[in-house]
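Quick notes on the structure that follows.
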Amino acid sequence: MLHILKKHKFLFSELVKRDFKKKYKGTIMGVGWSVLSPLLTLLIMRLVFTHFFGSSIPHYTIYLFCGNIIFSYFKDSTTQGLEALSANSQIFTRCNVPKYLFLLSKNVESLINFGITVIVLLIFCIIDQITFTWMFVLLIYPIITVFLFNIGLGFILSAMRIFYKDISYLWRVFTLLVMYVSAIFYSTKTYPETIQKLFYLNPVYVYISYFRSIIIDGVIPSVWIHLLMLFYAAVVVAIGLLIYKKFNHKFLYYV
Amino acid sequence: MSVLELEDVSVKYIVGDIKNVGLKETILKKISGKYHKKEFWADRHITFSLEKGDFLGIIGTNGAGKTTLLKAISHIMVPNEGIVRLNGTVSSLIELASGFDSDLTVKENIYLRGAILGYTKEQLTSSYKDILEFSELAEFEDRPFKQLSSGMKSRLAFAVASYVNPDLLILDEVLSVGDGAFRKKSEAKMKEIINGGATTILVSHLLEQIREMSNKVLWLNKGEQITFGTNVEEICDAYSMFLKNKVIPKNEEEIKLFAQQYREQQNG
């Protein structure tokens, strides 16, 4: 796959450019939206939820922010990845191009956006007087694993979207569900032990809690958590690749 | 060494309630037994080969499997049986206007479409000026694609496609585009590529074009290969006869006979 990627480097960079330009064309703020949009969400959540949870959770703003940006990245990346194939069907039914490039370019675009929000998060950490330690370097691990996780889901969803167009709506509802079970604005500590453990079945929650653990608690999560994060990413990527391998040449009948 | 070799190639196609449907629709149709999905052979047992510089004309009525065959040759589709052997690069101009993005500018679109067609960055940078000039859109360089007229769009599409210089060029009903002056210009450009040594495959309903340009002809009917050969005039005459009386020749003798009949009719 890598050597094909190298061969199509030019096409890939043009696709990323296209996705970027399309996203921000006609907006006054341009890339500024990537900064402003999570800040606005943060502001709203802060106003709404501080009264309920703010007093019991230290650094509540940062707590919210961590949850928010990772969930937004997950949502943004998968909802866009879902359309990656169908939106480009006019191209791959008429030209011989590797189809996964369309998905990867969307994912790279979302990753860059996410990167910008992470920088904003770090600025907030300074404002909230959180001390930076060497541990912050480890944040690269959840970023890589969540990136792979999103790509894997993108493979699965974009293939399903080709076969059934209403997957987009179902996925939108599903992400809403994910949002409520990812402990974005509340803490799991108020739940009994067994229920707390159930949260680890939700990959998005695991990625979020890694961020919080490093930034707020200053604690490196256990090896098991690291393995669990990798496991989730590997499983969806594997399923996604299998689906692509099986249906790669069938997609064009369905669009 | 042949540029292209097809050995007993068969390609399936699927039709039915599968395009752009929802999960709900599909389930409901399956329950009520109305679900309809059919596989058929769009191309069956196609065998031929092309040498460097050959010009192949493909003829056949609608639904003969011409476009599907072109897609199999350019690796957009994968044959279910048989082998497609291709030595070198291929560029297929199947529906020229695909891959353009209406929100991007002309310049951005030339790069995007070029990359899709398989240009390298260096190739495109060096032929960018020529492409722009050829399409006569120099003053529209920074305009969004959607602001162009449809004539301008097809000019641009043609210009980007015509600077690829592939070993095998595949043309689906496109030899020239645009209005009077540009039509001549694009046809001349196409001939320049063809005469430059590229191997070419042309699908066309204009028999005159095939007669004039091809040195080999492939006749398809409902996915079956009726004949393939260098006797271009004969095959075209037989095909003209078929268009009149709708009878398919069963073997080479019948093709000769049909061609004979056609010529007699023309002269008499």
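If you read the sequences in order, they're chains Y and C.
So the first sequence is residues 1 to 255, counted in my numbering.
So the second sequence is residues 1 to 268, counted in my numbering.
All C-beta atoms in this analysis are idealised placements derived from N, C-alpha and C, irrespective of residue type, glycine included.
All figures in this text were calculated on a predicted structure; none of them were measured in a lab.
Quick one: is residue 14 of chain Y near chain C, going by C-beta distance under 8 Å? For residue 14 of chain Y, the answer is yes, since a Cβ of chain C falls inside 8 Å of its Cβ.
4 or more residues per run - each alpha helix (DSSP H) lying fully within the region 224 to 252 of chain C: 232 to 245
What residue from C/132, C/64 and C/93 has the CA that sits closest to residue 218 of chain C's CA? C/64
Taking C-beta to C-beta, are residue 271 of chain C and residue 9 of chain C nearer than 8 Å? An answer regarding residue 271 of chain C cannot be provided, because it is not within the stretch 1 to 268 covered by chain C.
Grab me the residues of residue 102 of chain C's own chain with a C-beta within less than 6 Å of its C-beta, minus the 5 sequence neighbours each way, in chain order. Here the set comprises 145 and 146.
is_contact[residue 251 of chain Y, chain C] using C-beta, thresh 8 Å: So, not an interface residue.
What residue range is occupied by the uninterrupted beta strand (DSSP E) comprising residue 57 of chain C? Per DSSP, residue 57 of chain C is one residue of the beta strand (DSSP E) stretching across 55 to 59.
Interface positions of the region 122 to 133 of chain C facing chain Y (Cβ-Cβ less than 7 Å), listed along the chain: So nothing in the stretch comes that close.
Is the beta carbon of residue 179 of chain Y sitting closer than 8 Å to the one on residue 71 of chain Y? yes
Pull out every residue of the region 71 to 101 of chain Y whose Cβ sits closer than 8 Å to any Cβ of chain C, in chain order. The residues in question are 90, 91, 92, 93, 94, 95, 96 and 97.
Looking at C-beta atoms only, is the number of pairs between the region 241 to 252 of chain Y and the region 155 to 171 of chain Y that lie closer than 8 Å three or more? yes
Since residue 254 of chain Y sits in a beta bridge, which residues does DSSP pair it with? In DSSP, residue 254 of chain Y forms no bridge with anything.
Which listed residue (C/11, C/26, C/13 and C/12) has its alpha carbon closest to that of residue 165 of chain Y: C/26
Would you report the Cα separation of residue 202 of chain C and residue 87 of chain Y, rounded to the nearest angstrom? 29 Å
Which residue from Y/216, Y/93 and Y/168 puts its Cα closest to that of residue 135 of chain Y? Y/216
So, is residue 45 of chain Y buried or exposed, given that buried needs 16 or more other C-beta atoms within 10 angstroms? buried
Using a 10 Å radius around the Cβ and a threshold of 16 neighbouring Cβ atoms, would you call residue 266 of chain C buried or exposed? The Cβ neighbour count for residue 266 of chain C, taken over all protein chains shown within 10 Å, is under 16; the residue is labelled exposed.
Does any C-beta atom of chain Y lie closer than 8 Å to the C-beta of residue 104 of chain C? yes
Taking only the alpha-carbon atoms, compute the straight-line gap between residue 199 of chain C and residue 229 of chain C and give it to the nearest angstrom. Their backbone Cα atoms lie some 16 Å apart in a straight line.
From residue 50 of chain C to residue 4 of chain C, what distance separates their C-alpha atoms? 5 Å
Roughly how many angstroms lie between the CA atoms of residue 71 of chain C and residue 85 of chain C, to the nearest whole one? Distance between the alpha carbons of residue 71 of chain C and residue 85 of chain C: 14 Å.
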